[in-house]
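Just so you know, the sequences run in chain order A, B, C and D. So the first sequence is numbered by our numbering: it starts at 9 and just counts up by one. So the second sequence is numbered by our numbering: it starts at 9 and just counts up by one. So the third sequence is numbered by our numbering: it starts at 9 and just counts up by one. So the fourth sequence is numbered by our numbering: it starts at 9 and just counts up by one.
Protein chains: 4
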Amino acid sequence: MSIHHEFIQDIQPKLVEWRRQFHRNPELGFMEYETTYAIGKELEALGFTLYIGRDALKSTSRYGVPSSKEIQQHEANISSSMEEEWLNKMKGGHTGLVAVWNTGRTGDHLAFRFDIDALPIKEKADDQHLPYKKGFHSQNQGVMHACGHDGHTAIGLGLAHFIASHSSELNGKFTFLFQPAEEGGRGAKAMTDKGWLYEVDYFYSGHIGIQDLPVGTVAASTKGFLASSKWNVTFKGQSSHAGMKPEDGRNALLAAATAATQLYTIPRHSEGVSRINVGKLSAGNGRNIISDYGYLELETRGETKSINDYMQEQARRMIRSSADMHNVDATIDFVGETEPMICDDEMISIVKETCQSSSNIMHIINIANVSGSEDASFMMNAVQSHGGKATYMLFGTKLSDNHHSPAFDYEEEVLTVALDTYIHIVKGGHLFE
Amino acid sequence: MSIHHEFIQDIQPKLVEWRRQFHRNPELGFMEYETTYAIGKELEALGFTLYIGRDALKSTSRYGVPSSKEIQQHEANISSSMEEEWLNKMKGGHTGLVAVWNTGRTGDHLAFRFDIDALPIKEKADDQHLPYKKGFHSQNQGVMHACGHDGHTAIGLGLAHFIASHSSELNGKFTFLFQPAEEGGRGAKAMTDKGWLYEVDYFYSGHIGIQDLPVGTVAASTKGFLASSKWNVTFKGQSSHAGMKPEDGRNALLAAATAATQLYTIPRHSEGVSRINVGKLSAGNGRNIISDYGYLELETRGETKSINDYMQEQARRMIRSSADMHNVDATIDFVGETEPMICDDEMISIVKETCQSSSNIMHIINIANVSGSEDASFMMNAVQSHGGKATYMLFGTKLSDNHHSPAFDYEEEVLTVALDTYIHIVKGGHLFE
Amino acid sequence: MSIHHEFIQDIQPKLVEWRRQFHRNPELGFMEYETTYAIGKELEALGFTLYIGRDALKSTSRYGVPSSKEIQQHEANISSSMEEEWLNKMKGGHTGLVAVWNTGRTGDHLAFRFDIDALPIKEKADDQHLPYKKGFHSQNQGVMHACGHDGHTAIGLGLAHFIASHSSELNGKFTFLFQPAEEGGRGAKAMTDKGWLYEVDYFYSGHIGIQDLPVGTVAASTKGFLASSKWNVTFKGQSSHAGMKPEDGRNALLAAATAATQLYTIPRHSEGVSRINVGKLSAGNGRNIISDYGYLELETRGETKSINDYMQEQARRMIRSSADMHNVDATIDFVGETEPMICDDEMISIVKETCQSSSNIMHIINIANVSGSEDASFMMNAVQSHGGKATYMLFGTKLSDNHHSPAFDYEEEVLTVALDTYIHIVKGGHLFE
Amino acid sequence: MSIHHEFIQDIQPKLVEWRRQFHRNPELGFMEYETTYAIGKELEALGFTLYIGRDALKSTSRYGVPSSKEIQQHEANISSSMEEEWLNKMKGGHTGLVAVWNTGRTGDHLAFRFDIDALPIKEKADDQHLPYKKGFHSQNQGVMHACGHDGHTAIGLGLAHFIASHSSELNGKFTFLFQPAEEGGRGAKAMTDKGWLYEVDYFYSGHIGIQDLPVGTVAASTKGFLASSKWNVTFKGQSSHAGMKPEDGRNALLAAATAATQLYTIPRHSEGVSRINVGKLSAGNGRNIISDYGYLELETRGETKSINDYMQEQARRMIRSSADMHNVDATIDFVGETEPMICDDEMISIVKETCQSSSNIMHIINIANVSGSEDASFMMNAVQSHGGKATYMLFGTKLSDNHHSPAFDYEEEVLTVALDTYIHIVKGGHLFE
């Protein structure tokens with residue numbers, strides 16, 4: 009029987025409790041104040057050295073920070089029980105934290121990244137949806153953990169408990185990156201640019217769900233994560249009374265609608281996967297006013313940086329032309345990006361060898377093929393360019409609905425499997441070598 | 009010298025003061041709680057018989073009532089100084105009031121309609137803009153009197169003062185309709201359906217600005233007001249992760265954008281003026297989610313009911329097709345309408361004859377040609393179909409920018425001219441005949 | 009009984025015969041070789057002085073001349089019976105003729121304009137359609153007299169017969185302009201620029217049908233003809249294999265389709281009637297090739313020159329933007345125009361007074377309101393700017409289908425009414441005064 | 009030295025001569041009368057048994073046959089030197105032929121497919137373009153061998169010469185399919201349905217160019233050919249005069265343009281490659297007529313049948329919606345298709361082993377990845393479903409421009425390499441086993 013079997017059994021109820029607690033209180037990217045505080049207090053108690061907010065990330069490398077107004081509104085609603093010092097470190101959208109554990113013994117430096125943000129989705133409210141049925145659904149109207157980051161955070165806490173309680177059996181150094189704002193590819197670069205990854209030997213991250221794999225299946229690595237770029241576009245025209253002076257308007261709503269439609273006509277690329285999506289459009293103020301304002305949130309993706317560059321070049325021209333079409337101005341703001349990423353073969357071996365003894369892991373796949381985008385790519389590329397190795401794993405679970413859907417949910421058993429994977433890696437992969 | 013010259017001189021500062029007070033505190037249609045209260049308290053003091061909120065309009069005939077949430081938010085912010093009884097009568101979006109003055113002497117029954125609502129426009133904040141420079145700009149972020157209804161309301165109060173203070177010189181009965189929600193053609197039908205207009209002999213309403221006429225010029229009647237209809241359209245699709253499962257989405261953002269663009273392609277009509285405008289579009293929740301939601305606010309107009317029906321028929325088909333194009337569902341809500349309206353020739357004579365002695369009115373035009381839409385049309389058509397006569401006047405003023413623009417403003421002298429016109433009508437047109 | 013009643017009775021069968029002959033052999037604008045020849049030989053026999061082709065119009069003022077290839081193909085098919093000298097004068101798309109009759113006696117100079125071209129429409133082939141049933145339908149596949157110019161030409165020949173045979177009773181001078189290429193506003197300017205109109209005292213032209221008036225009704229003048237401009241637009245992109253290299257294409261088909269759709273979104277103009285139409289679009293060569301070629305034929309119209317200029321300005325920007333949207337080039341060729349035109353009041357009196365004695369004319373309307381475009385406007389404006397008077401009349405007839413429809417047809421009795429109108433004008437209006 | 013080295017050397021000039029002859033006289037699919045005749049007369053002289061036109065293909069299985077009018081025009085222009093019997097067999101678009109050679113000795117049955125049709129592309133006319141410079145450019149205006157089928161045909165003739173002249177050294181049976189109308193996936197199914205493939209043991213076909221490989225490189229097999237479907241779409245609306253009665257039109261041009269634009273917005277599919285292309289759009293008759301007619305030629309593709317089915321389902325709905333949008337009718341005609349195809353591994357071995365001794369072939373690639381579509385798929389699937397094996401090879405050559413471009417050209421040395429490949433296969437792969 010595995011040496012840490014008991015630990016897993018004991019912590020299992022905590023994993024579920026944490027997950028549900030985070031699920032109940034989801035926060036959007038760069039506004040994870042309470043989430044960061046909850047993580048931090050847990051780790052502080054365990055004895056980790058903490059770097060919070062501005063100490064954990066480079067402020068100017070953040071992409072797509074919410075408006076001061078949104079941030080201030082959110083800050084105003086923060087539970088009064090938060091310590092002032094913590095709030096001050098996070099103020100202005102500097103959320104997330106880095107926690108370091110040094111065994112004091114020579115050994116590898118491992119880094120783990122867990123993303124902690126939620127999505128602007130209104131959670132489904134019916135009894136088919138477990139979080140609602142069990143009463144741990146979102147208490148923040150219009151915000152939802154619909155991509156499983158609540159689970160990721162719980163797994164990270166579980167792993168931290170393991171390391172703290174088994175420190176005497178471990179060598180080397182462990183860095184935990186609880187990253188804000190993964191959605192939209194906005195937060196990883198800011199942590200990367202702070203320098204946390206340059207001396208890391210082995211980097212691990214992963215995701216629950218993604219592929220249609222049963223609980224108990226783990227993919228030791230992934231391929232196919234797409235380069236991506238995220239833009240906000242603002243159109244400025246001229247309002248006018250739509251009945252009395254239609255010819256005086258310069259219609260920014262039509263410019264935005266035209267751009268949205270035309271962007272989807274960018275040709276497919278013969279060299280690999282490409283994507284375009286306009287996920288948000290808002291324009292206009294009143295029914296009888298020709299709109300002087302339009303706004304888009306969009307993203308491009310490509311299997312390679314070059315395909316994503318092609319998508320961006322086409323998109324830029326089309327947005328400019330749509331504005332010109334309706335005689336309005338357009339401004340493009342770059343608010344996020346991810347890079348393509350390649351997992352190291354050596355990591356597949358490590359995962360396979362260390363995890364084969366796990367009783368929770370039924371099946372290990374070498375490489376899973378996906379087509380999303382991940383800003384963990386910045387961290388992985390930083391590790392690799394400094395001589396380290398990196399992988400991004402998947403942890404199988406049945407889903408009740410697609411990621412980013414109002415009825416998204418997963419089997420909580422996946423939390424145990426994922427934690428067990430990390431523990432086997434920590435114990436087997438790096439301890440005795 | 010005119011018999012009421014002194015009255016006009018005395019009340020002039022009040023007109024400006026009222027106008028600026030309403031300008032400072034603009035409220036959107038069916039949310040004119042404080043506006044109604046301010047009007048009502050003034051008229052109550054003068055001795056008018058008041059019918060407030062539910063007593064003034066037919067609840068079910070209101071079009072485009074804001075959502076309960078918006079109404080409740082607004083109600084929650086109402087100044088605590090408002091009497092509870094008033095608030096109760098208005099609760100749930102039942103704003104506006106009808107005020108009646110009966111001289112007790114046989115005579116004509118005259119009705120005056122003043123519209124009191126503001127627009128969802130963010131007022132310009134620079135020193136070129138007089139309301140900002142003088143400090144009476146909107147205190148309600150994103151709401152603005154950008155169509156002059158603040159002035160209309162002030163004129164109405166001025167006329168009420170005149171009637172109350174000169175009652176002994178007057179015959180007959182006077183009904184004042186302070187109408188909510190003119191913008192969008194949403195409020196007039198509800199007052200009309202309550203029955204106020206059926207026994208009216210002469211109906212007067214009007215607008216400041218509209219045409220490029222100097223202060224001192226009055227149009228005794230207008231033609232060209234368009235029939236119109238106002239719709240809200242909701243598209244429901246299916247969300248999906250835009251990178252991982254684009255083919256599973258049913259894109260409601262694209263449906264809304266397609267509808268918006270295509271609606272403008274409805275052919276012009278050879279028999280007269282037509283209009284289409286999508287004034288608002290919002291769709292989608294997040295950048296990397298295929299949108300399951302789209303929303304439009306639009307209006308059609310036509311010189312005749314039949315042309316407007318043509319526009320509606322085309323629009324309905326196009327909206328349905330746009331939804332089908334992207335495999336989503338569309339729901340159309342009818343939220344407002346206006347009718348075409350024809351002023352009575354007899355009214356032109358009355359205005360011309362009674363006003364020729366005014367020293368404030370330099371020039372009277374018989375008929376001004378316009379192309380907006382007015383829900384006063386419901387009232388006028390109700391008066392006329394019961395044997396009464398009706399007109400809709402214009403009061404000239406230079407404008408600093410178009411109606412419905414963030415920098416809209418007018419010369420406050422027009423308030424005097426307009427009030428003087430109403431007073432001459434009241435005194436000359438109906439008293440001694 | 010009218011002095012020329014017998015003439016009318018005698019010529020009636022000829023009118024129908026001519027009309028059917030032209031209907032059977034329709035020719036497109038600037039390719040009316042056989043039509044011009046047929047007219048010319050008839051007038052030559054009557055003794056008119058003829059100016060054919062290059063002698064009748066200014067070559068460089070023609071708009072929208074067909075390609076050399078089309079012209080050569082048509083020239084190659086011309087009946088071998090045409091005299092070489094005639095063909096030479098017309099070669100290269102110089103069709104139409106001017107015929108002059110001088111009575112030798114002092115008097116007014118009257119000009120009459122008859123347009124002679126047909127349309128690129130495939131005539132309906134069923135027994136409901138009279139020309140088909142009676143066997144005088146188009147023998148030129150895809151070309152059709154669907155606007156009544158066959159009738160106009162016949163009326164012109166009838167009037168020429170009258171003048172030749174009644175010359176001794178007439179004074180002054182008569183100029184007949186048998187104008188090519190009215191459709192598309194392409195031919196009138198070329199005849200105008202040749203100088204025929206500068207010394208004309210009275211100019212008459214007209215149209216059969218247009219308004220829903222019964223046979224026997226004549227409109228002495230018209231208003232509402234729109235200024236217009238006609239453009240051909242060519243898009244040049246880059247072809248590529250649509251399956252193997254979609255990203256290498258620059259899609260001119262999409263640019264053309266986008267332009268076509270967007271042009272209809274040009275806002276209506278508050279100051280008057282506007283129109284836009286893309287009447288032809290062709291793009292692409294093969295199904296699996298990304299198209300490098302797109303082509304549009306379009307027109308803009310406006311109630312005033314300034315409204316038409318507005319439409320042109322918007323259209324130009326939108327076409328340029330559509331090209332830019334899909335990264336292709338666009339070239340705009342200006343191929344035709346018409347001006348607004350205003351009939352002289354004096355002409356209404358002339359028509360009414362001279363025609364009241366006609367037994368064929370039941371009813372005379374002063375002014376008919378229309379909304380098409382007419383390049384007779386160039387001639388009328390030239391006459392008026394040199395001190396002459398001008399009118400454009402309508403001759404009522406029931407139509408079997410709209411102008412420019414495959415099943416268009418009219419009652420042939422209208423030919424008699426129209427000829428009788430012209431004869432009354434010639435005899436009564438200018439002879440004895 | 010290879011046993012047939014001399015044969016290759018001797019036939020090399022013939023290969024070039026044939027290629028240039030076919031290049032000079034390109035014919036579109038199902039109109040390859042002269043091409044078929046030229047091939048047939050060559051094979052007849054060699055002693056092959058011929059099956060021409062109706063005898064070679066199943067008439068009703070042809071897709072996308074040109075209109076009778078186009079066929080008749082082409083037939084009218086056929087050189088008078090063609091034997092009447094041949095013309096009769098091909099009349100009505102029954103082109104292509106099957107040629108059979110039986111050695112009389114037991115052995116494998118090999119089939120070779122060569123496609124013979126050209127494309128509707130106007131060949132580039134400048135001295136940079138070799139065919140033009142050397143004077144063998146297309147003599148058929150607007151038709152061009154821009155995909156190398158002229159070379160394929162020449163290779164086929166070369167192989168036929170080899171088999172005829174080396175028959176005594178060979179065993180088994182050889183079937184040559186000179187297939188019409190490969191472009192658009194229109195001809196292969198008709199030959200397949202005639203039953204030629206059911207008893208074939210080994211099937212070979214291939215393409216010159218496609219991938220950027222140097223002359224001397226051969227790909228023994230390919231993967232990635234896409235399932236595809238080809239549609240023609242006709243829209244029928246209602247014409248009307250665009251100036252006088254715009255509201256009476258039902259605009260088929262706008263329906264076609266809307267469909268063309270919207271079709272490109274079909275979402276990418278996460279499971280593999282998809283394509284959409286509208287390669288041709290024509291609509292409308294005249295500038296000032298609202299178009300009653302629109303026409304599209306389009307194709308969908310998918311990496312799997314299921315992805316192509318997804319594309320078709322989306323496309324069908326969008327076309328229907330575009331028609332409904334503008335109140336017109338749409339008819340979809342299915343005019344071609346290809347299937348995905350999988351080359352047999354055994355064939356790779358055969359090609360590699362037999363060809364390694366060739367002095368013309370420098371390099372053999374096992375599998376080349378492509379993304380076009382090929383109706384040879386019907387033949388391959390037919391062979392494989394009856395127990396045979398099949399492959400589709402590529403023959404490397406530098407291209408002067410993309411396939412389907414007006415400046416497309418290849419290095420003629422590829423013809424030698426390809427023929428040498430086929431000869432090695434015939435000799436080595438199947439003879440002595």
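Just so you know, even glycine gets a beta-carbon here, dropped at the ideal spot from N, CA and C. Please read all numbers here as calculations on a predicted model, not as lab measurements.
Opening and closing residue of the alpha helix (DSSP H) in which B:W204 lies: As a first step, residue 204 of chain B is located in the second sequence; it is residue number 196 there, counting from the start. Neither: B:W204 is in no alpha helix (DSSP H) and is coded neither H nor E.
Boundaries of the beta strand (DSSP E) in which B:D337 is found, first to last residue: The sequence position of residue 337 of chain B within the second sequence is 329, counting from 1. Its beta strand (DSSP E) spans residues 337-346.
Short-range partners of chain F found in the region 238-267 of chain D, where Cβ spacing is below 9 Å: Here chain F cannot be found, since the structure's protein chains are A, B, C and D.
Beta-carbon gap between C:A265 and D:A331 smaller than 9 Å: As a first step, residue 265 of chain C is located in the third sequence; it is residue number 257 there, counting from the start. As a first step, residue 331 of chain D is located in the fourth sequence; it is residue number 323 there, counting from the start. Cβ distance not < 9 Å, so C:A265 and D:A331 don't count as in contact.
Distance, A:D341 Cα to B:T308 Cα: Residue mapping note: residue 308 of chain B aligns to position 300 of the second sequence, counting from 1. Residue mapping note: residue 341 of chain A aligns to position 333 of the first sequence, counting from 1. C-alpha separation (whole angstroms): 35 Å.
Under 9 Å from the C-beta of D:Y272: neighbouring residues of chain C: In the fourth sequence, residue 272 of chain D corresponds to position 264, counting from 1. Under the 9 Å cutoff, chain C gives N259, L262.
Test: C:E279 CB closer than 9 Å to a CB of chain A: In the third sequence, counting from the first residue as 1, residue 279 of chain C sits at position 271. It does: the Cβ of C:E279 has a partner Cβ on chain A nearer than 9 Å.
Short Cβ contact (9 Å threshold) for A:I16 with A:L427: In the first sequence, the residue the question calls residue 16 of chain A occupies position 8. In the first sequence, the residue the question calls residue 427 of chain A occupies position 419. Result yes, Cβ atoms of A:I16 and A:L427 sit closer than 9 Å.
Local Cβ density within 10 Å of A:H13, reported as buried at 16 or more and exposed below that: Against the first sequence, residue 13 of chain A aligns to sequence position 5. Its Cβ having fewer than 16 others within 10 Å, A:H13 is exposed.
Per DSSP, cross-strand counterpart(s) of C:S229: Sequence index remark: in the third sequence, residue 229 of chain C carries index 221 (1-based). Partner(s): C:I375.
Positions along the region 120-149 of chain A whose CB lies within less than 7 Å of some CB in chain B: Here the close residues are L127, P128, I129.
Closest residue to A:H157 among A:G395, A:H394, A:N33 (Cα-Cα distance): As a working note, residue 157 of chain A is residue 149 in the first sequence. Answer by Cα proximity: A:N33.
When A:I358, A:F386, A:M387, A:A384 are compared against A:A373, the one with the closest alpha-carbon: On the first sequence, residue 373 of chain A is found 365 positions in, with the first residue counted as 1. According to the sequence displayed, residue 373 of chain A carries Ile and not Ala. Cα-wise, what sits closest to A:I373 is A:I358.
For D:Y71, three-class secondary structure by DSSP: Within the fourth sequence, residue 71 of chain D is the residue found at index 63, counting from 1. If DSSP states are grouped into helix, strand and coil, D:Y71 belongs with coil.
As assigned by DSSP and simplified to three states, the class of A:L36: Within the first sequence, the letter at position 28 stands for residue 36 of chain A. In the structure shown, A:L36 sits in coil (DSSP, three-state: anything other than H, G, I, E or B).
Cβ-based neighbour list, C:K202, same chain, cut-off 6 Å, excluding 5 preceding and 5 following: Counting from one through the third sequence, the residue named residue 202 of chain C turns up at place 194. L65, K66, listed in sequence order.
Rounded separation between C:H412 and B:H334 - CA only: The count along the third sequence starts at 1 and reaches residue 412 of chain C at position 404. The count along the second sequence starts at 1 and reaches residue 334 of chain B at position 326. Straight-line measurement puts the Cα of B:H334 at about 35 Å from the Cα of C:H412.
9 Å Cβ cutoff, C:Q322 in contact with chain A: As a first step, residue 322 of chain C is located in the third sequence; it is residue number 314 there, counting from the start. It does; some Cβ of chain A falls within 9 Å.
Limits of the alpha helix (DSSP H) - the one that D:K97 falls within: In the fourth sequence, the residue the question calls residue 97 of chain D occupies position 89. For D:K97, the uninterrupted alpha helix (DSSP H) segment begins and ends at 92-98.
Classification of C:R276 by the beta-carbon crowding that lies within 10 angstroms, buried from 16 upward: Taking the first residue of the third sequence as 1, we reach residue 276 of chain C at position 268. Counting Cβ neighbours within 10 Å, C:R276 comes out buried, since at least 16 surround it.
Interface residues of the region 367-399 of chain B facing chain A [CB-CB below 9 Å]: For the region 367-399 of chain B, which is checked against every Cβ of chain A, the residues closer than 9 Å are V378, S379, G380, S381.
Contact check, C:G112 vs C:P188, beta carbons under 9 Å: Counting from one through the third sequence, the residue named residue 112 of chain C turns up at place 104. Counting from one through the third sequence, the residue named residue 188 of chain C turns up at place 180. No, the pair does not count as a contact, with Cβ atoms beyond the cut-off.
Segment contact, 8 Å Cβ cut-off, at least three pairs: the region 205-214 of chain A with the region 286-305 of chain A: Counting Cβ pairs under 8 Å, fewer than three are found: no touch.
Those residues which DSSP pairs with A:H249 across a bridge: To locate residue 249 of chain A, count along the first sequence from 1; it is residue 241. Under DSSP, the beta-bridge partners assigned to A:H249 are A:I297.
Where the beta strand (DSSP E) through D:V286 begins and ends: Numbered from 1 along the fourth sequence, position 278 holds the residue referred to as residue 286 of chain D. Start and end: 282-291.
Chain B contact for C:E305 (CB, 9 Å cutoff): Residue 305 of chain C sits at position 297 when you count from the first residue of the third sequence. The beta carbon of C:E305 sits no closer than 9 Å to any beta carbon of chain B.
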